[in-house]
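Enquirer:
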Amino acid sequence: MSTNKYTDIIFEITGKIGIVKFNRPKSLNAFGGNLILDTIAALRELDQHPETVFTVLTGEGRFFSAGADVKAEGRTGTAQYKNDAEKKLAFLARFSPSEQLP
């Protein structure tokens with residue numbers, strides 16, 4: 001069973017296996033766009049699925065993931081932050097939905 005409700009991942013369940021594939025190959029699957037939120041939502045969906053027992057995380061293209069999308073972060077500018085610490089906290093806050101995973 002495949003579902004296309006996510007923008008930056010390909011998500012499917014095949015038998016007892018859940019597959020989450022990062023799908024931003026042009027940016028080397030960097031954590032930007034909706035990749036983080038899509039991944040968290042898919043993991044929550046798998047957690048609620050009654051038959052899945054195994055999850056595969058993979059990436060489309062040459063790399064699994066390049067890490068943070070520094071190009072996307074650079075576009076937001078630093079003017080909105082008072083200092084570097086505030087900027088780092090804002091970036092880390094993007095990961096806060098993952099704290100609610102069981």
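Residue numbers for the sequence shown follow UniProt numbering, beginning at 1 and rising by one. Here a beta-carbon is modelled for each residue, glycine too, at the ideal position from N, C-alpha and C. Bear in mind that the values here come from a model prediction, so they are computed numbers and not experimental data.
Do you know offhand how far K21's Cα is from F64's?
Expert: For K21 and F64, the distance between alpha carbons rounds to 9 angstroms.
Enquirer: Would a C-beta distance cut-off of 8 angstroms place D38 and D8 closer than the cut-off?
Expert: It is a contact, given that the beta carbons lie within the stated cut-off.
Enquirer: Using the Cβ count rule (16 or more neighbours within 10 Å means buried), how would you classify F54?
Expert: Exposed, by the Cβ-count rule.
Enquirer: Pull up the distance between the alpha-carbon of I13 and that of G61, whole angstroms please.
Expert: Distance between the alpha carbons of I13 and G61: 20 angstroms.
Enquirer: Name the residue from I19, K87 and F91 whose alpha carbon lies nearest to the alpha carbon of T52.
Expert: It is I19.
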